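Q: Residue numbers (the numbering used here): 83 to 354.
(1) Along the chain, where does the beta strand (DSSP E) containing residue 181 start, and where does it finish?
(2) Do you know whose CA, among 260, 97, 239 and 123, lies nearest residue 153's CA?
(3) At the level of alpha carbons, what is the spacing between residue 146 and residue 255?
(4) Compute the Euclidean distance between the alpha carbons of residue 266 and residue 173, then round it to the nearest angstrom.
(5) Beta carbon of residue 175, beta carbon of residue 262: below 8 Å?
(6) Under 8 Å, Cβ to Cβ, is there at least one residue of chain D near residue 158?
(7) In its own chain, which residues sit with a C-beta less than 7 Å from the C-beta of residue 164, not counting the 5 before and 5 after it?
(8) Across which residues does DSSP place residue 260 in a beta bridge pair?
(9) If you draw a straight line from the alpha carbon of residue 140 to that of residue 279, how long is it in whole angstroms?
(10) Going by DSSP, name the residue or residues bridged to residue 235.
(11) Rounded to whole angstroms, what is the Cα-Cα separation between residue 206 and residue 212?
(12) Given that a residue counts as buried once 16 or more other Cβ atoms are within 10 Å of its Cβ, and exposed if not, what is residue 302?
(13) Decide yes or no for the touch test of the region 127-137 against the region 93-112: beta carbon pairs closer than 8 Å, at least 3 of them.
(14) On a Cα-Cα basis, can you pick out the residue from 209, 185 and 148 that is closest to residue 199?
(15) Have a look at 292, 117 and 264 and flag the residue whose alpha-carbon is nearest the alpha-carbon of residue 316.
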């Protein structure tokens, strides 16, 4: 029952946050670290990044912030990663839409974020299909930050509790080779995923058509006895065509965009 699993995932986070709220009662500032059991270490983990996060979350002059992600899902619509000003090169700002469901694999929540999440839960409780990452996306469209590069990530090989139809896709997209390349592109370009995804699909489509045409022409030329090089068009086709298949497979299985009537499920979930 996907609804029960989504409710269980959200409930586990809410329980942890409620316990944290009791323990920090009376404190004006706090940073609560939440780690799920589907966490994996990124190959780009460094002590400098962790030190930068610690400095950022303990600096009272750093400005308002509700959450700092140590891992987040980057393959979501409407996400833009913005470099922060000044010397904080290892901290980025996550600008989101309600569909930018970033997951909850590893995050720090501040006093303001903690109170906002639990106040929202007190007002509305759990709504069908409304996982905790969806709530965060609605509440904090401009007040979430992240370590850059991410020190942790959702493990590629751990099965999903909620939307298991995406497990095969996760096994590919959550490999370090893929997510580190996409992270570099997001941070380096400053463009929204809503711009990058269509551009990526278009480039793969053009490459697939061109390389397939070149491969067919080369095969016909070889059949006529001509001396041709098949390696380049074959390699291009072998990269572009499977990449397109993976993209369209993900689009076909992805949860529907979030609306007021039917909230969107999360691509990544787990239990803290």
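Quick reminder that beta carbons are idealized off the backbone N, C-alpha and C, glycines included.
Values in this document were obtained by computation on a predicted structure and should not be read as measured data.
A: On the basis of the data shown:
(1) In the DSSP assignment, residue 181 falls outside any beta strand (DSSP E), carrying neither H nor E.
(2) Minimum Cα distance to residue 153 is reached at 123.
(3) 32 Å
(4) 14 Å
(5) no
(6) Going by chain labels, chain D is absent from the structure shown, which holds only one protein chain.
(7) 174, 175, 177 and 272
(8) DSSP lists no partner for residue 260.
(9) 35 Å
(10) Beta-bridge annotation (DSSP): residue 235 is paired with 122.
(11) 11 Å
(12) exposed
(13) no
(14) Nearest of 209, 185 and 148 to residue 199, Cα basis: 148.
(15) 292
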